[in-house]
Amino acid sequence: MSGNGLVPSIGRRLTTSTLSPFEQLGRRMYDILGDGGILKEVVQPGEGPPVPQNASVIMYYSGFLEYSNQPFESTAHLKYPPMMKLGRDVTLAGLELGLLTMKKGEFSRFLLQPQYAYGEMGCPPFIPAAAAILYEVQVLDYLDSGQVDEFISMSSEEQSSVPLSTLVKVINTLRSFGNRFFNQSRYDHAKDRYKQAITLLRNWDSQNQLDKEKIQVALLPLYLNLSLAELRLENPKKALKYGKKALEIDSANTKALFRCGQAYHELQEFESAQDYLIMAQSKKPFDSDINNLLRKVALAYKDGLDKEKDMYSKMFRDLRSSVQ
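full-length UniProt numbering puts the first residue of the sequence shown at 1, with every later residue one more than the last.
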């Protein structure tokens, strides 16, 4: 996000205008509600449908007071901006209503009157009474989490009564949340999302064989992702557990074989690591990740055997010396 370059430039033109910076800005913005309370300027258009209600939004934003070059709050400095849920993490009425007009990739400015911002009281000491606020917002992405919230609020009996297609949508959203956290190196948060999705799938009760098979299909990528998250968290035993869970679903799955090989390598059980990696290599003989780790494991295994051989040789020499 560019930060706020607009308000200072307006301030420099005050000598030729009797209008305040926000008044000048408002003249080229459009009224999204019709009462003048929330004005919007699209700086960079986005794509796709607008942000839905109850969504969780990943965005950069900065809030400015009039005549101020520095924001009173901002996420523009963050490498990974937080995922914020409308109505819970985003509670400012004007900002939430503005976000509902935005699309993925869009960068816009919103000028909020006090009734849609911090009201007549303001928020001392940072926000004065009856202050208009300018927000610059860039929506990077969003996830429609309303269906997830609704599903989780149900009892287990109610959850089991919904169609499997609805459950799968909930699971895919939770997995997307987990993947977002994983890509931000927030592995604990990712793990929690994957485990939540697994629990929902395993608790969903059906006697239909086709439904059971679909549940197994949905579980497989979750176990694989959870195994990798545990590896990143340096929990190789747990990573191995989930890797083997994935193999119970698909015994020939290359990623699951590789995850188990990685876990055994971290546990320094090199012979077992080698066994799983060779099986993975047979599925993908030219995969560089598999081949590189297999070489590393082979060297570690050989080094371990050499050390063991030296140890036994020394023990034998010591024993022979004591007999003499």
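Cβ atoms here follow ideal geometry from the backbone N, Cα and C, with glycine treated the same way.
If I measure Cβ to Cβ from residue i and keep anything under 7 angstroms in the same chain, skipping five residues before and after, which residues do I get?
i: Phe-270; result: Val-297, Ala-300, Tyr-301, Gly-304
i: Leu-143; result: Ala-55, Ser-56, Thr-173, Ser-176, Phe-177
i: Ala-197; result: Ile-171, Leu-174, Arg-175, Leu-222
i: Leu-111; result: Phe-22, Leu-25, Gly-26, Met-29, Leu-39, Ala-132, Leu-134
i: Met-121; result: Ala-129
i: Glu-47; result: Lys-103, Lys-104, Gly-105
i: Thr-254; result: Ala-280, Lys-283, Lys-284
i: Lys-195; result: Leu-226
i: Phe-181; result: His-189, Ala-190, Arg-193
i: Gln-31; result: A quick correction: the sequence has Asp, not Gln, at residue 31. Excluding sequence neighbours, Asp-31 sits near Leu-39.
Would you report the Cα separation of residue i and residue j, rounded to the nearest angstrom?
i: Asn-183; j: Ser-176; result: 10 angstroms
i: Ile-278; j: Leu-294; result: 7 angstroms
i: His-265; j: Ser-161; result: 43 angstroms
i: Val-42; j: Tyr-118; result: 23 angstroms
i: Val-51; j: Ser-68; result: 29 angstroms
i: residue 325; j: Asn-291; result: With the chain represented from 1 up to 324, any question about residue 325 goes unanswered, as that position is not in the structure.
i: Pro-82; j: Phe-258; result: 32 angstroms
i: Leu-228; j: Leu-220; result: 13 angstroms
i: Lys-85; j: Phe-286; result: 43 angstroms
i: residue 325; j: Arg-186; result: This structure leaves residue 325 out entirely; the chain is present only between 1 and 324.
i: Arg-28; j: Leu-65; result: 18 angstroms
i: Ala-190; j: Lys-241; result: 17 angstroms
i: Lys-169; j: Ala-218; result: 10 angstroms
i: Lys-104; j: Gln-216; result: 32 angstroms
i: Ser-20; j: Thr-91; result: 28 angstroms
i: Leu-6; j: Pro-71; result: Any reading at Leu-6 must be qualified, since the residue scores a pLDDT of 43, below 50, and its modelled position is unreliable; the value itself is stated next. Computed Cα separation, rounded: 12 angstroms.
i: Glu-106; j: Asp-275; result: 50 angstroms
i: Lys-245; j: Leu-233; result: 18 angstroms
i: Leu-97; j: Ala-76; result: 21 angstroms
i: Leu-140; j: Thr-101; result: 14 angstroms
i: Thr-166; j: Ser-288; result: 38 angstroms
i: Gly-63; j: Leu-95; result: 10 angstroms
i: Glu-150; j: Glu-158; result: 11 angstroms
i: Glu-213; j: Asp-188; result: 29 angstroms
i: Gln-44; j: Ser-272; result: 54 angstroms
i: Leu-99; j: Gln-268; result: 50 angstroms
i: Thr-199; j: Asp-205; result: 12 angstroms
i: Ile-249; j: Asn-179; result: 21 angstroms
i: Val-148; j: Asn-235; result: 28 angstroms
Any idea if residue i is buried or exposed, counting beta-carbon neighbours within 10 angstroms, 16 or more meaning buried?
i: Arg-193; result: buried
i: Arg-88; result: exposed
i: Lys-237; result: exposed
i: Leu-14; result: Because the pLDDT at Leu-14 is just 43, under 50, the model does not fix this residue reliably, and the value given afterwards should be weighed accordingly. The residue is exposed, with fewer than 16 neighbouring Cβ atoms inside 10 Å.
i: Ala-252; result: exposed
i: Ile-127; result: buried
i: Asn-208; result: exposed
i: Asn-225; result: buried
i: Met-154; result: exposed
i: Ser-156; result: exposed
i: Leu-78; result: exposed
i: Ala-138; result: With the sequence shown as reference, residue 138 is identified as Gln, and Ala is not the correct amino acid for it. With 16 or more Cβ atoms within 10 Å of its Cβ, Gln-138 is classed as buried.
i: Ile-58; result: buried
i: Thr-18; result: exposed
i: Gly-243; result: buried
i: Gly-36; result: exposed
Please name the residue or residues paired with residue i in a DSSP beta bridge.
i: Phe-64; result: Leu-134
i: Val-217; result: BP columns for Val-217 are empty, so no partner.
i: Tyr-30; result: Lys-40
i: Val-90; result: Leu-86
i: Met-279; result: In DSSP, Met-279 forms no bridge with anything.
i: Phe-107; result: Gln-44, Gln-138
i: Ser-74; result: Ser-62
i: Ser-56; result: Lys-85, Leu-143
i: Pro-50; result: Lys-103
i: Ile-127; result: Cys-123
i: Leu-112; result: Ile-38, Ile-133
Please report whether the beta-carbon of residue i lies at a distance below 8 angstroms from any beta-carbon of chain C.
i: Val-170; result: Going by chain labels, chain C is absent from the structure shown, which holds only one protein chain.
Assuming residue i and residue j are in contact, meaning their beta carbons sit under 8 angstroms apart, how far apart are those beta carbons, in whole angstroms?
i: Ala-130; j: Pro-114; result: 5 angstroms
i: Glu-73; j: Arg-109; result: 15 angstroms between Cβ atoms; not a contact.
With a CB to CB cut of under 8 angstroms and the five nearest residues on each side skipped, what residues in its chain are close to residue i?
i: Gly-146; result: Pro-52, Gln-53, Asn-54, Ala-55
i: Leu-231; result: Ala-239, Arg-259, Gln-262, Ala-263, Glu-266
i: Pro-49; result: Lys-103
i: Leu-201; result: Leu-167, Ile-171, Ile-215, Ala-218, Leu-219, Leu-222
i: Asn-203; result: Ser-156, Gln-159, Ser-160
i: Leu-33; result: Leu-97
Only counting the same chain, and skipping five residues up and downstream in sequence, which positions put a Cβ closer than 6 angstroms to that of residue i?
i: Asp-211; result: Leu-164
i: Leu-247; result: Ala-256
i: Tyr-60; result: Met-1, Thr-75, Ala-76, Pro-81, Gln-138
i: Tyr-116; result: Gly-37, Ile-38, Ala-93, Gly-94
Confirm the yes/no value for this check: CB of residue i, any heavy atom of the ligand NAP, distance under 7 angstroms.
i: Pro-236; result: You won't find the ligand NAP in this model; it holds no ligand whatsoever.
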